[in-house]
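Data block below; observations after.
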Amino acid sequence: MIAIGATIGGITNFLAIKMLFRPHHPKYIGKMRVPFTPGLIPKRRDELATSLGKTVVKHLLTPEGMRKRLLDEQVGSHIIHFVQGEVRTMLRSDKTIRSLIDPLYPDAEARVLAEADTKLRQELRLVLSDVKSRKLYELLGEDGMDRVRGIIPEIVDALLVKSEEYFYSAEGEAQLRHMVDSFVQRRLGFIAGFVQNLNFVEMIRPEIINILRGGSTRSGMAEMITREFERFSERSVETLLDERLEERLIDGVTMEVVSRLPVGELLDRTVHSYTRDVEDRVVEELVPNGVRLVITRFTDQMETVMDRLKIDQIVQEQVSSLDTSYLEEIVLSISKREFRAITWLGALLGGMIGLIQGLIAII
């Protein structure tokens with residue numbers, strides 16, 4: 144009786160444990176489904192997944208627990224050291240800027256120069272649009288006007304010196320001789336033939352030079368140029384620029400500036416060439432402060448972050464996607480010893496019941 148009871152108890156518990164997982168699918172006899180098929184866990188799989196998801200969020204991966212873990216000094220130190228190592232490796236890279244950005248931004252040099260060309264033209268047009276509506280004296284300002292007035296005497300001196308040099312040059316002498324001959328021929332007519340042998344150039348040139356060297360000539364020219372400049376400065380810039388000149392000005396400035404931009408040189412430099420002077424400060428100061436700031440901001444928003452992540456749904460989806468046999472393997476690997484104990488406990492209880500029944504039968 145004891146052996147029979149123990150066998151029945153052990154087998155019953157063994158089958159009960161197996162029926163938690165087996166069969167994986169419902170079994171039918173004809174159109175009638177066999178009771179207790181599928182097993183409990185396969186049958187309640189979706190409910191189990193939902194329950195596990197809620198349990199994980201409510202009791203395991205809670206916002207407070209995550210916040211406490213992230214704010215732990217040791218965890219923070221590990222994160223900082225990891226980020227410092229990654230940043231230092233990146234800052235010491237011998238790769239060029241061009242090689243790093245080319246996969247994300249192909250033909251970077253040409254595109255940057257084209258963008259610079261477009262932007263510069265737009266800015267120049269805006270500047271010229273504003274400038275054209277203003278008077279020249281407004282554009283120069285009082286200081287600019289004074290500077291122009293100040294260099295007018297120098298301009299006059301230079302003009303007078305060049306004029307004197309011209310009259311003593313072969314070209315100037317020929318021009319002066321032509322003018323004198325034309326004047327004499329026009330004024331004296333047939334009498335001009337009697338005075339052809341006179342050197343009027345040598346007679347007139349010293350007088351012209353004396354006039355050029357005279358103080359009144361210098362001051363008169365300076366006053367005239369100053370007066371014309373003052374009148375000219377009252378004109379708007381728009382009257383000085385036509386459309387073609389404006390475009391030529393924009394083209395010239397743009398081409399000159401863009402051609403001088405060292406975009407290619409900058410792109411072909413290595414990362415380390417830019418960062419060698421700031422590496423220690425970035426790694427030792429900025430990275431720790433940045434990591435702490437990110438952790439603080441992240442933990443402040445922990446409830447929102449975890450709510451957005453919907454961890455319960457993640458757990459539910461993952462559990463639902465597990466193969467039933469694999470889920471059985473997981474549970475058995477965790478509770479194998481306990482299930483074996485339950486089986487032997489069933490055998491023990493069955494044996495005790497068989498013993499009691501045997502004693503009752505004897506009595």
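For the sequence shown, the residue numbers in the working numbering are 144 to 506.
Using N, Cα and C, we set each Cβ at its ideal position, and we do this for glycine too.
Check, Outcome
"With a Cβ-Cβ cutoff of 7 Å, do residue 422 and residue 234 count as a contact?", "yes"
"Going along the chain, which residues of its own chain have a beta-carbon closer than 8 Å to the beta-carbon of residue 245, five neighbours each way excluded?", "251"
"DSSP on residue 238, reduced to helix/strand/coil?", "coil"
"Using beta-carbon positions only, say whether residue 294 and residue 368 come within less than 7 Å of one another.", "no"
"If you pair each beta-carbon of the region 345 to 358 with each one of the region 300 to 316, do three or more pairs fall below 8 Å?", "yes"
"By how many angstroms is the C-alpha of residue 385 removed from the C-alpha of residue 394?", "14 Å"
"May I have a chain-ordered list of the alpha helix (DSSP H) segments no shorter than 4 residues that lie completely inside the region 185 to 217?", "188 to 198 and 206 to 213"
"Alpha carbon to alpha carbon, how far is residue 206 from residue 218? Give it in angstroms, no decimals.", "16 Å"
"Please state the DSSP three-state secondary structure of residue 171.", "strand"
"So residue 166 packs on residue 155, CB below 8 Å; how close in whole Å?", "Rounded, the Cβ-Cβ distance is 18 Å, inconsistent with contact."
"What separation, rounded to the nearest whole angstrom, lies between the Cα atoms of residue 453 and residue 460?", "11 Å"
"Would you mind working out which of 407, 438 and 474 sits nearest residue 240, comparing C-alpha positions?", "407"
"Per DSSP, what are the beta-bridge partners of residue 276 in this structure?", "DSSP output for residue 276 lists no bridge partner at all."
"How close, in whole Å, do the beta carbons of residue 462 and residue 203 come, if the pair is a contact with beta carbons under 8 Å?", "Their Cβ separation, rounded to whole angstroms, is 14 Å, which puts residue 462 and residue 203 out of contact at 8 Å."
"State yes or no: is the C-beta of residue 182 within less than 7 Å of the C-beta of residue 162?", "yes"
"Which same chain residues end up closer than 7 Å to residue 315 when comparing Cβ atoms and leaving out the 5 residues on each side of it in sequence?", "309"
"Please list the terminal residues of the continuous alpha helix (DSSP H) segment that includes residue 470.", "467 to 505"
"Assess, as a yes-or-no matter, whether the region 368 to 383 is touched by the region 268 to 283 under the definition of 3 or more beta carbon pairs within less than 8 Å.", "yes"
"Using only the alpha-carbon positions, how far apart do residue 265 and residue 441 sit?", "42 Å"
"If you count every other CB in all the chains shown that lies within 10 Å of the CB of residue 447, and 16 or more means buried, which is it?", "exposed"
"Pull up the CB-CB distance for residue 438 and residue 213, whole angstroms please, since I reckon it's below 8 Å.", "6 Å"
"Could you pull out every residue in the same chain whose Cβ sits closer than 7 Å to the Cβ of residue 147, ignoring the five residues on either side in sequence?", "497"
"From residue 152 to residue 451, what distance separates their C-alpha atoms?", "50 Å"
"My parser needs the beta strand (DSSP E) runs of 3 or more residues fully inside the region 344 to 392; what are they?", "none"
"Taking only three categories from DSSP, how would you classify residue 180?", "coil"
"Which first and last residues belong to the alpha helix (DSSP H) in which residue 248 is found?", "No alpha helix (DSSP H) contains residue 248, which DSSP labels as neither H nor E."
"So residue 238 and residue 413 are supposed to be a Cβ contact under 8 Å. How far apart are they, rounded?", "7 Å"
"Out of 389, 298 and 399, point me to the one whose CA is closest to residue 363's CA.", "298"
"Is the Cβ-Cβ distance between residue 160 and residue 434 less than 7 Å?", "no"
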